[in-house]
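The next block holds one structure in the form of structure tokens; read it before the comments.
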Amino acid sequence: PVFLMGLRFSLAAAVLVWFVPIPRGYLLKIFWIAMVGFCLQYGLTFTGLSMIDASLAVIVMQLEVPFAVLIAAFVFREQPGWQRLTGMLIAFAGVALIAGQPTLKGQLFAVFLTGSGAMIWAVGQVMVKQLAGAVAPLSLIAWIGCFAGPQMLLGSFLIETGQLDALRSASWIGWGSVVYLGIVMTAIGYGIWYRVLSKHSITQVMPVLLLTPVFTIMTSIVFLGEQPSVDVLVGGVIV
1 PVFLMGLRFS LAAAVLVWFV PIPRGYLLKI FWIAMVGFCL QYGLTFTGLS
51 MIDASLAVIV MQLEVPFAVL IAAFVFREQP GWQRLTGMLI AFAGVALIAG
101 QPTLKGQLFA VFLTGSGAMI WAVGQVMVKQ LAGAVAPLSL IAWIGCFAGP
151 QMLLGSFLIE TGQLDALRSA SWIGWGSVVY LGIVMTAIGY GIWYRVLSKH
201 SITQVMPVLL LTPVFTIMTS IVFLGEQPSV DVLVGGVIV
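At position 152 of the sequence shown the residue is numbered 152 (the UniProt record's numbering), and the sequence of numbers has no breaks.
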């Protein structure tokens, strides 16, 4: 998975970098955003996810929202207010209902790794927020890709195996996934996300990410033909 992420961000950088200015004076900060918020974060998250039940992963991954809100309150003195805090608690209840009743038995270390990845991602978003107004969103994601892509590819060759075999045997679906991740999710998705993040406070935009499990369920119904249980549907409505 780290190799896939390396291809993803390398592709995004290769497409965007020709059309955006070099953010001179901010490259070192962008390097550390790529290292902390992407390379380190994905390494921790994917390692944890490889050892954790899917239902537990759904809940733990949503910790990135309160982590980001808490860090923003400390760094930017943002006050989420009781309405947003209450809304996040209700949304978490819905996420828990979607996930079912996972067990922690034998998975505490995996929870720690996945939760650490969520916290590191939140730190990365706060680092991005600090550059709001100084670097254009597309320029930011392009140059993050320039750093994160090679970082992840190097990390992949250090901790993973079978990359060349994966390249040789990849089907058109596999390459299509790389293109989707690199162009749609990264270049377009992160470009929009960073634009929103630059114009609004973290406490305003982060709670929206709690909708991720809901959209995941909807997508699985449409493209995979899955039939979610009543608990999952009720949880989605609550979120």
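Where a beta carbon is used, it is the ideal one built from N, C-alpha and C, also for glycine.
Sequence-distant residues of the same chain with beta carbon closer than 8 angstroms to residue i, five excluded per side
i: Val-179; result: Leu-11
i: Ile-52; result: Val-60, Gln-107, Ala-110, Val-111 and Thr-114
i: Val-17; result: Ala-142, Trp-143, Gly-145 and Cys-146
Beta carbon of residue i nearer than 8 angstroms to that of residue j
i: Trp-143; j: Ile-30; result: yes
i: Phe-19; j: Glu-160; result: no
i: Leu-131; j: Leu-138; result: no
i: Ala-57; j: Ala-122; result: no
i: Thr-212; j: Phe-9; result: no
i: Met-183; j: Val-15; result: In the sequence as presented, Met is not what sits at residue 183; that position holds Ile. Yes, these two residues count as a Cβ contact at 8 angstroms.
i: Val-126; j: Ala-166; result: no
i: Ala-148; j: Ala-34; result: yes
i: Val-111; j: Val-60; result: yes
i: Val-128; j: Tyr-26; result: no
Cβ distance (whole Å) where residue i is taken to contact residue j below 8 angstroms
i: Val-196; j: Val-205; result: 6 angstroms
i: Thr-203; j: Arg-84; result: 6 angstroms
i: Gly-124; j: Val-36; result: 5 angstroms
i: Gly-133; j: Ser-201; result: Not really, about 13 angstroms apart at Cβ, beyond 8 angstroms.
Cβ neighbours of residue i in the same chain (closer than 7 angstroms, five flanking residues each side left out)
i: Gly-117; result: Gln-41, Leu-44, Thr-45 and Gly-48
i: Val-65; result: Met-88, Met-206, Pro-207, Leu-209 and Leu-210
i: residue 250; result: The structure shown does not extend to residue 250, since the chain spans only 1 to 239, so no value can be given for it.
i: Ser-156; result: Val-2, Phe-3, Gly-6 and Gln-163
Close Cβ partners of residue i (< 6 angstroms) along its chain, the five nearest in sequence each way excluded
i: Pro-80; result: Val-69 and Thr-203
i: Ile-221; result: none
Enumerate, from N- to C-terminal direction, the unbroken alpha helix (DSSP H) stretches of 4 or more residues contained entirely within the segment 151-229. You should have 163-169, 172-179, 191-199, 202-205 and 212-224.
Where in the UniProt domain "EamA" (1-99) do unbroken runs of the beta strand (DSSP E), each at least 3 residues long, occur, reported from the N-terminal end onward? none
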